[in-house]
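Trainee:
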Amino acid sequence: MSDRTAYIIGVDIGTSSTKSIVQGIDGEIQTVFQQAYVTSHLQPGYSEQTPRVILEAVMAGIREAVARMGAAPAAVSFSSAMHSIMAVGADGKELTPLIIWADNRSEPNALALRDTPEGGLIYRQTGTPVHAMSPLCKIMWLREQQPAVFEAAAMFPGIKEYIFHHLFGSWITDHSIASATGLFDIHTLSWNSTALNVAGITAAQLPRPVPANHIVKGLLPAVADALGIPADTPFVIGGSDGCLAQLGSGALDPGHATLTIGTSGAVRMAGARPLTDAAGRLFTYLLTDDIYITGGASNNGGVVLQWLVRDFLQQPLSALNGLVETALVTDPGKLLCLPYLLGERAPVWNSHASAAFIGIQPQHTPAHFTRAVLEGVCFALLSIKEALAETAGPVQKISVSGGFTNSPGWIRLLADIFGQEMHLQQESDASALGAILLAARELGWPEQRKQRAQTVFTPDASRFEGYRRKYERFLKLYRQIEGSLQE
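Residue numbering for the sequence shown follows this note's numbering, starting at 716 and increasing by one per position.
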């Protein structure tokens, strides 16, 4: 292939890996490259990553895509996980590891702020619940617990901002990622003065906000050489993985929700205005400056299954798929899992919540425990979907994406528990495809959304009522033991 306008690279910077996807102008996926990395949990509540490792994964993904295609791309566009933050000195060097969304160390700061007048105002103006996930609370923790680092910090970027700085030498962030920080006013599209005052920083210590479709050119010469592409190759800054999954799934119409299960999980729906939930259960983030995504995220998706297999059952992760398939044909009976291994975000917003198995009996095998985890993750997402319906209106259609879609049985279980059809429109790469679509529009390419085969998973009405009773027990048990889960 010699025409450099013939393909776009979508780079999805995820929690467990970075994936680079190449899509041609005809809408066909040409190649996929994925590079994994690890999260460190050095203390309880800590979840950190090494930003240089992620930068190298991004560079390797672009370089490999270019090598496979034999020509430079028309553009490179980005999707990224939300809520990450780090401290960087005036020389651009890292002062801290990357503190990711799952890190709960700032929970005391979140609790102290949440129910104050400032906390309520920040939620209404930023659309981000006051919680330990948010960069706002993480910066508060750094100021309190690591004052020397805080004072030395010239900039507080997330992972995508850090990567763009290494590519271009400037600090910018997109409105979509910014709207998930708890520091960005989604009404004025600027850094929020109340949140800045609470954090103890200035707007100059945060990257300059730009729209998600913002194009950057002028790669640093050494970077252009390392990637094997011209320095003027357009880079679209893109947005957050959650918001771009909505675009990649073609779910922008009213009542059309997306449900994603990867490392974590989420349920979201698009709208034309920013919505906040009176009970503070949901977020509202920007996709573009006239499209808002309202929904809720769970900390506990596939990560719970990985923990179950690797740490609890002491089996290699390669055994996971087989165990899931066995579990899906195993009746767990009354065994119930509260899947809050990493605390929980929506709708309970309790960083101190922990996981529990309830109803254990002698006959329960690894398959029973695995089935209970699968159901527990589904129940947690159902509670988000119900909060979303109360706030944004009826959920009439659900499109699913994420790594869990590799298991049709899990999608079928989700349909039975929700009592609603699940539409598998994409494979597991909706966020990267959303980034590609964003870039294609900026390049003026004709709409080439490939009509991939769609599979619809219809619920079994005979199972729904039983799951509904189990779900109500799930909610009741959490309320009853909530306090003891955090002691």
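A virtual CB, placed ideally from N, CA and C, is assigned to each residue, including glycine.
Identify whether SER795 lies in helix, strand or coil by the three-state DSSP scheme.
Mentor: Of the three classes helix, strand and coil, the one that applies to SER795 here is strand, per DSSP.
Trainee: Output the residue ranges of the alpha helix (DSSP H) runs that lie fully inside the segment 840-875 and measure 4 residues or longer, sorted by chain position.
Mentor: Listed in chain order, the complete alpha helix (DSSP H) runs (minimum 4 residues) inside the segment 840-875 are 850-860 and 862-867.
Trainee: At the level of alpha carbons, what is the spacing between GLU859 and LEU1001?
Mentor: If you take the alpha carbons of GLU859 and LEU1001, they lie about 30 Å apart.
Trainee: Relative to the C-alpha of ASN928, which candidate in TRP1022, GLY1149, GLU1180 and ASN912 has its C-alpha closest?
Mentor: Considering only alpha carbons, the answer is GLY1149.
Trainee: At what residue ranges does the segment 965-1048 contain a whole run of the alpha helix (DSSP H), taking only runs of 4 or more?
Mentor: Runs found: 1017-1022 and 1035-1042.
Trainee: Of all the CB atoms in chain C, is at least one closer than 7 Å to the CB of ILE769?
Mentor: The structure shown has no chain C; it contains just one protein chain.
Trainee: State the start and end residues of the unbroken beta strand (DSSP E) segment that holds LEU1053.
Mentor: Start and end: 1051-1053.
Trainee: Less than 7 Å separating the beta-carbons of VAL864 and LEU810?
Mentor: Closer than 7 Å, so yes.
Trainee: How big is the Cα-Cα spacing for MET716 and GLN861?
Mentor: Confidence at MET716 is low in this model, with a pLDDT of 38, below 50, so the placement of that residue is unreliable and no value is reported for it.
Trainee: ILE728 by DSSP, collapsed to three states: which one?
Mentor: Strand at ILE728.
Trainee: Using the C-alpha atoms, what's the distance from ALA1087 back to LEU1128?
Mentor: Approximately 12 Å, taken between the alpha carbons.
Trainee: Contact check, PRO922 vs HIS890 under 8 Å by CB: the rounded distance?
Mentor: The Cβ separation is near 11 Å, so there is no contact.
Trainee: By the 10 Å Cβ neighbour count, where 16 or more other Cβ atoms means buried, how is THR1080 classified, buried or exposed?
Mentor: It is exposed - the Cβ of THR1080 has fewer than 16 other Cβ atoms within 10 Å.
Trainee: Could you give the residue range of the beta strand (DSSP E) that holds SER1114?
Mentor: Its beta strand (DSSP E) spans residues 1112-1116.
Trainee: Report the residue from TRP856, ASN907, THR1041 and ARG1183 whose alpha carbon sits nearest the alpha carbon of GLN840.
Mentor: Minimum Cα distance to GLN840 is reached at ASN907.
Trainee: Which parts of the segment 781-838 are runs of the beta strand (DSSP E), unbroken and 3 residues or longer, counting only runs that do not cross its ends?
Mentor: Listed in chain order, the complete beta strand (DSSP E) runs (minimum 3 residues) inside the segment 781-838 are 790-795.
Trainee: Note down the Cα distance separating THR1170 from ALA1145, rounded to an integer number of angstroms.
Mentor: Those two C-alpha atoms are separated by around 15 Å.
Trainee: Per the DSSP calculation, PRO924 is bridged to which residue(s)?
Mentor: DSSP lists THR888 as partners of PRO924.
Trainee: By Cβ distance below 6 Å, which residues in the same chain neighbour GLY725 in space, the five residues on each side in sequence not counted?
Mentor: These residues qualify, in order along the chain: ILE736, SER792, ALA1147, ALA1150 and ILE1151.
Trainee: Since GLY1010 contacts ARG996 with CB under 8 Å, what's their CB separation in whole angstroms?
Mentor: Contact flag wrong, Cβ pair sits at about 10 Å.
Trainee: In terms of alpha-carbon separation, which member of VAL982, ALA869 and PRO788 lies closest to ASP806?
Mentor: Closest by alpha carbon: ALA869.
Trainee: Jot down the residue ranges of each uninterrupted alpha helix (DSSP H) in the segment 1122-1164, minimum 4 residues, whole runs only, in chain order.
Mentor: Here the runs fully enclosed are 1123-1133 and 1145-1158.
Trainee: Please report the distance separating the alpha-carbon of ILE800 from that of LEU851.
Mentor: If I take the Cα positions, the gap works out to 9 Å.
Trainee: Look at LEU990 and ALA1107 and say whether their C-beta atoms are less than 7 Å apart.
Mentor: Cβ distance < 7 Å, so LEU990 and ALA1107 count as in contact.
Trainee: When we look at the beta-carbon of ASP830 and count the other beta-carbons within 10 Å, is it buried (16 or more) or exposed?
Mentor: With fewer than 16 Cβ atoms within 10 Å of its Cβ, ASP830 is classed as exposed.
Trainee: Can you tell me whether GLY1177 is buried or exposed, with buried defined as 16 or more other CB within 10 angstroms of its CB?
Mentor: The displayed chain sequence assigns Ser, not Gly, to residue 1177. So SER1177 ends up on the exposed side.
Trainee: Tell me whether the beta-carbon of LYS734 lies closer than 7 Å to the beta-carbon of GLN745.
Mentor: No, the pair does not count as a contact, with Cβ atoms beyond the cut-off.
Trainee: Under the assumption that SER1013 contacts ALA987 (Cβ atoms under 8 Å), give the Cβ distance between them as a whole number of angstroms.
Mentor: Incorrect: roughly 26 Å between the Cβ atoms, too far for contact.
Trainee: Have a look at ILE1215 and GLY1134 and give me their C-alpha separation to the nearest angstrom.
Mentor: Since the first and last residues shown for the chain are 716 and 1202, residue 1215 lies out of range.
Trainee: Could you check what DSSP says for LEU904 in three-state terms: helix, strand or coil?
Mentor: DSSP places LEU904 in coil when its eight states are reduced to three.
Trainee: Can you tell me which of the three DSSP states TYR722 falls into?
Mentor: Reduced to three states, the DSSP call for TYR722 is strand.
Trainee: Going by beta-carbon coordinates alone, are GLY933 and GLY1118 separated by less than 7 Å?
Mentor: Result no, Cβ atoms of GLY933 and GLY1118 do not sit closer than 7 Å.
Trainee: The beta strand (DSSP E) with GLN750 in it runs from where to where?
Mentor: That run of the beta strand (DSSP E) goes 744-751.
Trainee: Short check: CB of ALA1034 to CB of ALA1082, under 7 Å?
Mentor: No, the Cβ-Cβ distance between ALA1034 and ALA1082 is not below 7 Å.
Trainee: Does the segment 1069-1077 come close enough to the segment 1044-1060 that 3 or more CB-CB pairs lie under 8 Å?
Mentor: Output reads yes: the segment 1069-1077 touches the segment 1044-1060.
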